[in-house]
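Right, one structure below, let's go through it.
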Amino acid sequence: MRSPTVSNRSHLGILRLAFVLPFCLPPALEASSNHFSILLTWNARGQTGLAPTDSTRPPSPWIRRWATVAEGTQDSSTIALDLGNTLYPGYLSRFSYGSLIAEILNQVRLTGRRVTVRDFFQGSDRLTTLANRAAYPSVCTNMFDKNTGEAVFLRSAHIRAVGVTVRLVAVISPKRNNKAPRKGIHIEDPVESLRAYFSSAGESEADLTICLCDRNTLDRYPDLTAIPGVDIFACGVDALSSSGRLATRMIELENGARIVHVPPFQAGIGRIELDSCNSRPTVRYTVDTTLITDGVSLNRLERLHRKWSALYRRESTDTVARYDSSLSRDQTIVVGNLLREKTRAEAAAFEQALVAPVTIPPTITVQTLDRLLNASPDLYMMPLRGSDIRRARNIEGLTWVGVEDGKIEGRDISSKRRYRVVVTEEAKDAILEVVRGRLPMQRFRPLFVSLNEVVRDQLSTRKRTDYSFEHLQQRPRLGLGLELESSRKRVRVRNPDSLSSLPGATYESFSAWDVDLALPLSLHNRRHELEFKPRLQYAAANEKVGRNDLEFKLDYAFGPMSLLKPYASARYETYVALRPDESRSVKVRATLGAQATLSDWRWRLGLGTEKGIMADNPNPFAPFFDVFRDTAETWGPGIEFSVDGTYSLSDALCKRGVDFFKYRSLALEADLESYFGTSRKTTRFQTEFDLDLVIQLIPPLKFRAGYRLYYAHLFNGRYNFSNLEPSLAILGAYDLTW
């Protein structure tokens, strides 16, 4: 007969212990026995392996470990608690829809279990069904239904064993997954939720209160340990020392509570033992790594394991797909390409240990897929800039597919462009640690689909002879920018009487503050790049030299190659006159040429034509048509040359150990644009050079500081117009295609 029982209300023990545990807060643990034990398991992940077909071979180590727990709970003074991540994604557990692991937990007489996000692998309905059928309580204190506001599972459970009342609470971290594990579920802040629970619970009697959690939650919410009422924090820890053991197993807090670190299930079983010797209590926490080789519990679990293994072997031989041998046999490439194809992403990132070294045969069965994937985590979509991808590619233990030799889909990675990257949960967390603070407001979103589901669906669609990534080439991307700049103009003019028409020029030297506003709009995919940039400048020193400079620029580049492609450019420049009787200069330029792009640098060389006039029309847009009607000035040929690029200073500083820029972007940007043209009346040369230091602290905003040099020369009249201005700017860029 099972000794521990669960009740909805706490009970006082009939007999109380004659000692007070040093690691517990009052009330003290009470029992009629001098010995009380707690077994702790964590992160079993539904792993059982397949039972051997030969009955003479020993059972799976996973089954032997569960049998070790079962043997321990035979003693009425021992209870077993599970910290979560238990049901999935082991392939035999997935095959049984969680029934195998749920039945194992019943067989080992589990006393209580913490619900975690990974338990939702096959949906909340299935998880609720398993919880209702279980002989143990499923607890999560801070998980609620969005519609009703009620707790999805028990917020706490009171367990009675050998005269001791143990209260269980359990919390999970909402920040680890950003959104609820499934739609309709809300995860509250664990600190606030636990405080609210203890406030509403009142004077509920319990000899011992245990909070089930994991180290990720404690690291993100350190205030949890300061909440009064918790005696033990049973904390699941994934990272082990090189020897396979926990570096620090138990930590005593100032308030008397204890944190015990529980290793993953395959690394051992945590055990807390409470003993009394000469009325002085002794507390021990150990990790048991032994595996039993015989016993009633092992035989019972082995029979259950063999039953499900036999069912799996009969059904897992069904053919899922056929794989053409001409495709890559590299398992990681296959899995990554299937992810990219299904989710329409440019790149994929996942853990190296996720894909097993299994040879992919021409005929793929269910068992092949299950052996191919060591786990089946949920997937997320992340918008990452090219500079972020370069940083994240250095993360140890991650595999990237779709990124090769600094290129994506055969094109050099652009630091400014944002790419769609499909990632697993562990990869998402690792990438966030590197690029935290550099992502846009929509950092990432869950796809509500698992890796196994994607791979199976993509392989079963048709005979796999190739991959379809045409959508990556054709997918249009729309971007919107904002540039607000303030600068100090220092204009120098020579021979102003020879000026005929030069937009933005003036007849007098002056110094004035300048305000510049630009709204660039871009539309591009792999073959097409289109950018439209309206720009308005205002500077006024006095009523004679003030100008509102207006510029419209349209650029278009075409071609499948990133290294070299043709481009076309058109520009319209004028200004809004301050006085009604003043004429304005107008210029129109059109250019055709070749564009070369290498890494973050772009060169352009083109041939074009340009024409300028002086117009009296008060409408600043009307002179555009006057340019084509006016015959006083003729169109003249010209040569255009430009180069612009970015050098990342933050990467260089991080390599030298300056961690301040680890999550920030610091870059040096340079832009040179020159034009030499001639017409019937004038021969002119214009050049503009910008050198800026750009830092990004809060995406998507950037701050820019630098210098701009503008120089224009009319050879006929020896007119010089030069401007050297320091500038400060706020920049914003947002990818609307998300």
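For what it's worth, my numbering labels the leading residue of the sequence shown as 2, then goes sequentially. Glycine included, every Cβ here is placed at the ideal spot set by N, Cα and C.
Enclosing beta strand (DSSP E) for S570 [first to last residue]: Within the sequence shown, numbered from 1, the residue matching residue 570 stands at position 569. For S570, the uninterrupted beta strand (DSSP E) run begins and ends at L565 to V577, by DSSP.
Cβ-based neighbour list, K656, same chain, cut-off 8 angstroms, excluding 5 preceding and 5 following: Numbered from its first residue, the sequence shown carries residue 656 at position 655. Counting only Cβ-Cβ distances below 8 angstroms, and skipping sequence neighbours, we find nothing.
Cβ pair V288, A348 closer than 7 angstroms: As a working note, residue 288 is residue 287 in the sequence shown. As a working note, residue 348 is residue 347 in the sequence shown. Contact: no.
Start-end ranges of the alpha helix (DSSP H) lying completely within the stretch 205-262, minimum 4 residues: Within the stretch 205-262, the complete alpha helix (DSSP H) runs of at least 4 residues are 216-221.
Residues near S487 by beta carbon distance below 8 angstroms, same chain, minus five either side: Counting from 1 along the sequence shown, the entry for residue 487 is found at position 486. For S487, where only same-chain residues beyond five positions count, the Cβ hits under 8 angstroms are W514, D515, V516, D517, S728, L729 and A730.
Neighbourhood of S523 by C-beta, 6 angstroms cutoff - its chain only, sequence neighbours within 5 removed: If you number the sequence shown from 1, residue 523 lands on position 522. Leaving aside the five residues that flank S523 on each side, the residues in its chain whose CB is nearer than 6 angstroms to its CB run, in chain order, G480 and E532.
Counted within 10 angstroms of its Cβ, other Cβ atoms place T318 as buried (16 or more) or exposed: Taking the first residue of the sequence shown as position 1, residue 318 is located at position 317. When all chains shown are included, T318 counts as exposed.
Meets three-Cβ-pair contact criterion under 8 angstroms: the stretch 48-56 and the stretch 68-87: Contact fails: fewer than three Cβ-Cβ distances are below 8 angstroms.
Residues bridged to E762 (per DSSP): The first residue shown for the chain is 2 and the last is 739, placing residue 762 beyond what the model contains.
Identified DSSP bridge partners for P727: Position 726 of the sequence shown holds residue 727. Bridge partners of P727: Y708.
For F690, the residue or residues it bridges with in DSSP: Within the sequence shown, numbered from 1, the residue matching residue 690 stands at position 689. Partner(s): L673 and L710.
Candidates M144, R421, L593 and G613: closest to A569 by CA position: Start at 1 with the first residue of the sequence shown, and residue 569 comes out as number 568. Here the closest residue by C-alpha is L593.
Beta-carbon proximity list for A158, same chain, < 8 angstroms, skipping 5 on both sides: Taking the sequence shown and counting its residues from 1, one reaches residue 158 at position 157. Once the five neighbours on either side are set aside, the close Cβ partners of A158 are V7, G113, P138, V140, R168 and L169.
Endpoints, alpha helix (DSSP H) assigned at E484: Position 483 of the sequence shown, counting from 1, holds the residue named residue 484. Unbroken run through E484 is the beta strand (DSSP E), R478 to R495; no alpha helix (DSSP H).
Contact under 7 angstroms by Cβ, S723 with Y712: As a working mapping, residue 723 is identified with position 722 in the sequence shown. As a working mapping, residue 712 is identified with position 711 in the sequence shown. Result yes, Cβ atoms of S723 and Y712 sit closer than 7 angstroms.
Boundaries of the beta strand (DSSP E) in which A597 is found, first to last residue: For the purposes of this step, residue 597 is taken as the residue at position 596 of the sequence shown. Start and end: R585 to L599.
With 16 other Cβ atoms within 10 Å as the buried cut-off, status of M562: Taking the sequence shown and counting its residues from 1, one reaches residue 562 at position 561. Flag for M562 reads exposed.
Option nearest A431 by Cα separation, candidates N217, S200 and L448: In the sequence shown, residue 431 corresponds to position 430, counting from 1. For the set N217, S200 and L448, the Cα lying nearest the Cα of A431 is the one of N217.
Unbroken beta strand (DSSP E) run spanning A393, endpoints: Mapped onto the sequence shown, residue 393 falls at position 392. Unbroken run through A393 is the alpha helix (DSSP H), G387 to A393; no beta strand (DSSP E).
Top-ranked residue by Cα proximity to S38, from I361, L275, Y381 and T684: Within the sequence shown, numbered from 1, the residue matching residue 38 stands at position 37. Ranking the options by Cα distance to S38, first place goes to L275.
CB contact check: K682 to chain B, cutoff 7 angstroms: The structure shown contains no chain B; it is built from a single protein chain.
G99 and L131 closer than 7 angstroms at C-beta: Taking the first residue of the sequence shown as position 1, residue 99 is located at position 98. Taking the first residue of the sequence shown as position 1, residue 131 is located at position 130. G99 is a Cβ neighbour of L131, given a cutoff of 7 angstroms.
Straight-line Cα distance separating W309 from S302: Stepping through the sequence shown from its first residue, residue 302 is reached at position 301. Stepping through the sequence shown from its first residue, residue 309 is reached at position 308. Reading the sequence as shown, one finds Leu at residue 302 and not Ser. If you take the alpha carbons of L302 and W309, they lie about 11 angstroms apart.
Selected residue, minimal CA-CA separation from R345, among L312, Y381 and P363: Here the question's residue 345 lines up with position 344 in the sequence shown. Answer by Cα proximity: Y381.
Rounded C-alpha distance that separates E151 from A171: The residue you call residue 151 lines up with position 150 of the sequence shown. The residue you call residue 171 lines up with position 170 of the sequence shown. Using only the alpha carbons, I get a separation of about 16 angstroms.
Beta carbon of L692 nearer than 7 angstroms to that of A671: For the purposes of this step, residue 692 is identified with residue 691 of the sequence shown, where counting begins at 1. For the purposes of this step, residue 671 is identified with residue 670 of the sequence shown, where counting begins at 1. Annotated as proximal: L692 and A671, with beta-carbon spacing under 7 angstroms.
For S643: DSSP bridge partner residues: Taking the sequence shown and counting its residues from 1, one reaches residue 643 at position 642. Under DSSP, the beta-bridge partners assigned to S643 are R605 and E674.
Start and end residues, beta strand (DSSP E) containing L111: One-based indexing of the sequence shown puts residue 111 at position 110. Looking at the DSSP string, L111 is not in any beta strand (DSSP E), and its letter there is neither H nor E.
Residue environment, H262, which counts as buried when at least 16 other CB atoms sit within 10 Å: The sequence position of residue 262 within the sequence shown is 261, counting from 1. With 16 or more other Cβ atoms within 10 Å, it is buried.
Contacting residues, own chain, Cβ-Cβ under 7 angstroms from T684 (five flanking each side not counted): By 1-based counting over the sequence shown, the position of residue 684 is 683. If we look at T684 and ignore the five residues flanking it on each side, its Cβ neighbours are F716 and N717.
Alpha helix (DSSP H) segment containing R134, residue limits: As a working mapping, residue 134 is identified with position 133 in the sequence shown. Its alpha helix (DSSP H) spans residues S125 to R134.
D146 to E189 span [Cα, whole Å]: The residue labelled residue 146 in the question sits at position 145 within the sequence shown. The residue labelled residue 189 in the question sits at position 188 within the sequence shown. Taking the straight line from one Cα to the other gives about 11 angstroms.
The stretch 378-398 in contact with the stretch 413-420 per 3-pair CB rule at 8 angstroms: Under the Cβ criterion (8 angstroms, minimum of three pairs), the stretch 378-398 counts as touching the stretch 413-420.
Residues that DSSP places opposite W612 in a beta bridge: On the sequence shown, position 611 is the one that residue 612 refers to. In the sequence under discussion, the amino acid at residue 612 is Lys, which differs from the Trp named in the question. Checking the DSSP bridge columns, you'll see K612 partnered with V589.
First through last residue of the beta strand (DSSP E) which encompasses D83: By 1-based counting over the sequence shown, the position of residue 83 is 82. Element bounds for D83: T79 to D83.
Separation of R590 from R605, as counted between CA atoms: Here residue 605 refers to the residue found at position 604 when the sequence shown is read from its first residue. Here residue 590 refers to the residue found at position 589 when the sequence shown is read from its first residue. Distance between the alpha carbons of R605 and R590: 15 angstroms.
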